[in-house]
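Residues in the sequence shown are numbered consecutively from 311, following the working numbering. Let me begin by presenting the structure, written as structure tokens, before commenting on it.
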Amino acid sequence: SKATVSVLYWLFLFLSLLSKMSHHAEIRSALLKETTDGTYKKHSSVKVSELVEPKVVVERREWPGSEWGVYRATGVMKGDWDKAVGMLKAMVSDFKLNSLMSPVKSMKTMEKEEDGIINYKVNSAPWPLSDREALAHVSTELVDDKTFVYAVRSVPGAKQVNKDNVLCEVFILGYVLKKLDGDKISLCSVKGIDPKGNIPAMVMSGFISDHALALGKFQKHLLKK
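Laid out in structure tokens, this is it:
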């Protein structure tokens, strides 16, 4: 009957919406767990002069099936909480803000979802390497009045868009902002990416250092008036 078809139609839409929301929620939850995961081990230390605590420890843990692993770095900085949250929210689609945190060459929103977006991004790679591209789910959430999450993960089964680029895989990537006492906040950056292909050790070393130095760029932009 028409009534049955109508009910099934709306049930399908509801389940589709729930699936998309649950997917983004699962990615954000996974990112939050990375910030407290006890299996990370110290990898290196990077001096980031802009931060309240200039010595940033970069940590690494293994990721099943990947030689790259996941890296984590946390910086304590000064600044307005609401402005910091606004910056991370804007990073979902703002090219300039994304450029603070990684060498973005181009980015485009491919699809808007109820609880986030699907984003296509190309990051520059040093010559003679090919640029890296990724098609990923991106979403944000104010978890509580002291925790904000910006989370990214590759779309399952994503296909290469530009044959001149290399399609990389994002296991888990993002930022967790926490409000501390006074005017201090902490920003934890997590990067779990398989860039695919042969990456020279020197390039990988630079990637790890830039991971920490990006926290200083965020701090500098946060204090801009």
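We put the beta carbon where it would ideally sit given N, CA and C, even for glycine. Source: prediction; values computed, not measured.
Reduced DSSP secondary structure (H/G/I, E/B, other) of residue i
| i | result |
| --- | --- |
| residue 446 | strand |
| residue 533 | coil |
| residue 345 | helix |
| residue 518 | helix |
| residue 387 | strand |
| residue 404 | coil |
| residue 504 | strand |
| residue 337 | helix |
| residue 477 | strand |
| residue 356 | strand |
| residue 469 | coil |
| residue 392 | helix |
Exposed unless 16 or more other CB atoms sit within 10 angstroms - verdict on residue i
| i | result |
| --- | --- |
| residue 400 | exposed |
| residue 466 | exposed |
| residue 349 | exposed |
| residue 405 | exposed |
| residue 505 | buried |
| residue 375 | exposed |
| residue 378 | buried |
| residue 420 | exposed |
| residue 452 | exposed |
| residue 450 | buried |
| residue 426 | buried |
| residue 529 | buried |
| residue 536 | Lying before the first or after the last residue shown, residue 536 is absent from the chain, which here runs from 311 to 535. |
| residue 511 | exposed |
| residue 513 | exposed |
| residue 464 | buried |
Distance between beta carbons of residue j and residue i, contact taken as under 8 Å
| i | j | result |
| --- | --- | --- |
| residue 351 | residue 367 | So it is not a contact: roughly 10 Å between Cβ atoms. |
| residue 391 | residue 495 | 6 Å |
| residue 443 | residue 472 | 6 Å |
| residue 501 | residue 381 | 5 Å |
| residue 261 | residue 385 | Past the edges of the chain, shown from 311 to 535, lies residue 261, and the structure says nothing about it. |
| residue 523 | residue 458 | Going by Cβ atoms, the distance from residue 523 to residue 458 rounds to 22 Å, so no, they are not a contact pair. |
| residue 394 | residue 533 | Contact flag wrong, Cβ pair sits at about 10 Å. |
| residue 418 | residue 433 | In fact, because the Cβ distance is near 13 Å, the residues do not count as touching under 8 Å. |
| residue 429 | residue 448 | 5 Å |
| residue 526 | residue 358 | 4 Å |
| residue 468 | residue 490 | About 37 Å; that fails the 8 Å criterion. |
DSSP beta-bridge partners of residue i
| i | result |
| --- | --- |
| residue 460 | 450, 485 |
| residue 381 | 370, 501 |
| residue 361 | Paired residues: none, contrary to the question. |
| residue 428 | 421, 447 |
| residue 351 | 370 |
| residue 281 | Residue numbering for the chain in the displayed model covers 311 to 535; residue 281 lies beyond these limits and cannot be assessed. |
| residue 496 | 386, 488 |
| residue 376 | 373 |
is_contact[residue i, chain D] using C-beta, thresh 8 Å
| i | result |
| --- | --- |
| residue 383 | Chain labels in this structure do not include chain D; a single protein chain is all it has. |
Given 8 Å, three or more beta-carbon pairs between the segment 338 to 348 and the segment 481 to 493: yes
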